[in-house]
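Protein sequences appear in the order of chains A and B.
In terms of the working numbering, the first sequence opens at residue 1 and continues consecutively.
In terms of the working numbering, the second sequence opens at residue 1001 and continues consecutively.
Just so it is clear, CB atoms sit at the ideal spot from N, CA and C, and this is done for glycine as well.
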Amino acid sequence: MTGDAARIEPGQRLPEIVKQVTQEQVGAYAEAAGDFNPIHLDETYAAGTQFGRRIAHGMLVLAFVSEMMATAFPREWPTTGRLKVRFKAPVFPGETVRTTGEAISVSGASGPGQVIEYRVGVLKPDGTEAIAGQAFVTVTG
Amino acid sequence: MNLGELQAGHRFPRYQFSFTDSDIDAYVAATGDLSPSAAPGHHRIVPPMALIAAGLSHMIQLLGLSAGTVHAGQECEFLLPVRPGVAVFADTELVASSVRRGSRFATVATQFFDARGQKLAASSSTVIVPA
């Protein structure tokens, strides 16, 4: 499915994105984003935290949701996109996660100005929600 | 700067940054972002979440947040695409800060503008900091 809002109805799902998060990727993200919190990078430090081991940056995992939305709505997402999420569980390096996106409401008539609300999230391998929330895009024509 | 000494409503100094193509390359490589607008070329834009991440990282460094800081919630609004090389100006405010169950919960809101004052994006990040 693409961003053809004329055909979007509640219940329709966005193509999921599946990614394995590696420690190398976490290190690369720390460099790219400038976030060197040792909870992501230092195995010894992370062992003493509530998580017991290193975790991926929440913003790295959230980037997968943004990628899903930007792929479905390449024009609308960077200019009308809104996102509101909670980080509910950590993602550990080595885990494979997948994004979810389901339209839950479509407001107004088809065409420009129509707002589509999605329930979005990221699921861990056991189905636990790592991220959960809502995303909105407005049809621009 | 000590987060515990700041009151809600505190405004941080405006800061400026921009993304080079190399910055975007590094972000895209790290996230594996395959969305079309992130691909190299003259239509390329900064991945929207990279802008938000840059603002958050700046705040983490500015506040010297302790090592165990955890990201609890995030809100974003994207209004205009950001091209490589474009100057971005960020205004950040501490929206809330309180201690609960031995941890500090803080929310910072950032608005991003271009040089003409057009709003590019907005962000609100809630973090949990060991008290």
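#1: Once you ignore the five residues that flank residue 1033/B on each side, which residues in its own chain have a CB closer than 6 Å to its CB?
#2: I'd like to know if the stretch 1123-1130 of chain B and the stretch 1063-1083 of chain B are in contact, where contact means that at least 3 CB-CB pairs between them fall below 8 Å.
#3: Would a check of beta-carbon distances place residue 85/A closer than 8 Å to chain B?
#4: Between residue 83/A and the rest of its own chain, which residues show a CB-CB distance below 6 Å, the 5 nearest in sequence each way excluded?
#5: Residue 1002/B: which of 1117/B, 1077/B and 1106/B sits nearest, CA to CA?
#6: For residue 1062/B, I'd like the list of residues in its chain whose CB is within less than 7 Å of its CB, leaving aside the five on either flank, ordered along the chain.
#7: What did DSSP end up calling residue 1073/B once you bin it into helix, strand or coil?
#8: When DSSP labels each residue in this structure, what does residue 104/A get in the three-state scheme?
#9: Taking 8 Å as the threshold (beta carbon to beta carbon), is residue 112/A in contact with chain B?
#10: Is the stretch 22-38 of chain A touching the stretch 56-69 of chain A in the sense that three or more CB pairs, one from each, lie closer than 8 Å?
#11: Should the stretch 1009-1027 of chain B be called in touch with the stretch 110-128 of chain A, which here means at least 3 C-beta pairs below 8 Å?
#12: Enumerate in chain order the residues of its own chain whose CB-to-CB distance from residue 1081/B is below 6 Å, with the five nearest sequence positions on each side excluded.
#13: Does any C-beta atom of chain A lie closer than 8 Å to the C-beta of residue 1033/B?
#14: Give the DSSP-derived three-state secondary structure of residue 16/A in the structure shown.
#15: Can you give, in chain order, each stretch of the alpha helix (DSSP H) that sits fully within the stretch 8-86 of chain A and has at least 4 residues?
#16: Helix, strand or coil for residue 135/A per DSSP?
#17: Which runs of the beta strand (DSSP E) at least 3 residues long sit entirely within the stretch 1033-1117 of chain B? Give them in chain order.
#18: For residue 1119/B, which residues of its own chain have a beta-carbon under 8 Å away from its beta-carbon, when the five flanking residues on both sides are left out?
#19: Applying a beta-carbon distance threshold of less than 8 Å, which residues of chain B neighbour residue 19/A?
#20: Using a Cβ-Cβ cut-off of 8 Å, state whether residue 13/A counts as contacting chain B.
If we stick to the structure as given:
#1: Position 33 of the second sequence, counted from the start, is the residue given in the question as residue 1033/B. Only 1047 meet the Cβ criterion.
#2: yes
#3: Looking up residue 85/A in the first sequence gives position 85. Judged by the 8 Å Cβ criterion, residue 85/A is in contact with chain B.
#4: For the purposes of this step, residue 83/A is taken as the residue at position 83 of the first sequence. Cβ within range, chain order: 135.
#5: Position 2 of the second sequence, counted from the start, is the residue given in the question as residue 1002/B. That would be 1106/B, whose Cα lies nearest to the Cα of residue 1002/B.
#6: Taking the first residue of the second sequence as 1, we reach residue 1062/B at position 62. The beta carbon of residue 1062/B sits closer than 7 Å to those of 1001 and 1012, all from its chain and outside the five residues before and after it, given in chain order.
#7: Looking up residue 1073/B in the second sequence gives position 73. It is a strand residue.
#8: As a working mapping, residue 104/A is identified with position 104 in the first sequence. Residue 104/A: strand per DSSP, three-state reduction.
#9: Within the first sequence, numbered from 1, the residue matching residue 112/A stands at position 112. Taking Cβ atoms only, chain B never reaches closer than 8 Å to residue 112/A, which makes this a no.
#10: yes
#11: no
#12: Translated into the one-based positions of the second sequence, residue 1081/B becomes position 81. Counting only Cβ-Cβ distances below 6 Å, and skipping sequence neighbours, we find 1045.
#13: As a first step, residue 1033/B must be located in the second sequence, where it is residue number 33. Residue 1033/B counts as touching chain A.
#14: Position 16 of the first sequence holds residue 16/A. Here residue 16/A sits in coil by DSSP.
#15: The DSSP assignment places 23-33, 38-41, 43-47, 58-72 and 77-80 as complete runs of the alpha helix (DSSP H) inside the stretch 8-86 of chain A, in order along the chain (cut-off: 4 residues).
#16: Position 135 of the first sequence, counted from the first residue, corresponds to residue 135/A. If DSSP states are grouped into helix, strand and coil, residue 135/A belongs with the strands.
#17: 1070-1078, 1088-1100 and 1103-1113
#18: As a working mapping, residue 1119/B is identified with position 119 in the second sequence. Same-chain partners within the cutoff: 1079, 1080, 1111, 1112 and 1113.
#19: Taking the first sequence and counting its residues from 1, the one referred to as residue 19/A is at position 19. In chain order: 1032.
#20: Walking along the first sequence from the start, residue 13/A turns up at place 13. Residue contact check for residue 13/A against chain B: no CB pair falls below 8 Å.
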